[in-house]
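Undergrad: Numbering (the numbering used here), first residue to last: 9 to 87.
Glycine included, each C-beta is placed from N, C-alpha and C at the ideal position.
Since this is a predicted model, take the numbers as computed values, not measurements.
See below:
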């Protein structure tokens, strides 16, 4: 299995670190939010969950057979 790590900067400040189906958000108050990505059988991102506070789902994606998402991203605030 190949391990890869990449990152994102906003205005010269490190904001996100991505690694192997997980990522860390570096918040303004210097806290970390760990998130994981569940993929479906085709490798598309299906569910993004926040690991820090338990099972808080941040995003659920549903796809048409040709690959587009159903409308906008489905953001969740429920646990």
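1) Use the C-beta contact count for residue 47: other C-beta atoms within 10 angstroms, 16 or more gives buried, fewer gives exposed.
2) Ignoring anything shorter than 3 residues or poking outside the stretch 33-78, list the beta strand (DSSP E) runs there in chain order.
3) Have a look at the DSSP bridge pairing and note the partners of residue 23.
4) Whole angstroms is fine: what's the gap from residue 73's alpha carbon to residue 29's?
TA: Reading from the atomic positions:
1) What you label residue 47 is simply residue 39 of the chain shown in a count that begins at 1. Residue 47 is exposed by the Cβ-count criterion.
2) The stretch 33-78 contains these whole beta strand (DSSP E) runs: 40-47, 53-58, 64-68.
3) The residue labelled residue 23 in the question sits at position 15 within the chain shown. As DSSP reads the structure, residue 23 sits in no beta bridge.
4) Counting from one through the chain shown, the residue named residue 73 turns up at place 65. Counting from one through the chain shown, the residue named residue 29 turns up at place 21. About 23 Å.
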